[in-house]
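Residue numbers (the working numbering): 189 to 281. Built from N, CA and C at the ideal position, the CB exists for glycine as well.
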């Protein structure tokens, strides 16, 4: 398995292999997850002071705040996976 990275905005990059969820920050349960992560010291704020538009949960229990829309992050992840599949298919030929 290759290591893939995904841009979450403003030059911040996370390992795509570690992502569990990319969600919108508006709901009460997500706000609670962010608050709990902050109190545990597991919150990473990658918004550069801008409005939080996506909350990313990782398999290491870190919670990452991003100023990029969840759809945009998911689209970037999907593009990475498609490019990897195409690259692997070309190698097989």
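Where the beta strand (DSSP E) containing residue i begins and where it ends
| i | result |
| --- | --- |
| residue 251 | 251-254 |
| residue 203 | 200-203 |
| residue 208 | 207-211 |
| residue 194 | 193-197 |
Cβ-based burial, residue i [other Cβ within 10 Å; buried from 16]
| i | result |
| --- | --- |
| residue 209 | exposed |
| residue 201 | exposed |
| residue 225 | buried |
| residue 282 | Past the boundaries of the shown model lies residue 282; the chain is included only from 189 to 281, so the question cannot be answered. |
| residue 212 | exposed |
| residue 242 | buried |
| residue 191 | exposed |
For residue j and residue i, believed in contact at Cβ under 8 Å, the rounded distance
| i | j | result |
| --- | --- | --- |
| residue 194 | residue 204 | 4 Å |
CB contact flag (residue i, residue j, <9 Å)
| i | j | result |
| --- | --- | --- |
| residue 232 | residue 218 | no |
| residue 262 | residue 235 | no |
| residue 206 | residue 247 | yes |
Ranges of the beta strand (DSSP E) found wholly within the segment 214-265, counting only runs of at least 3: 231-234, 242-246 and 251-254
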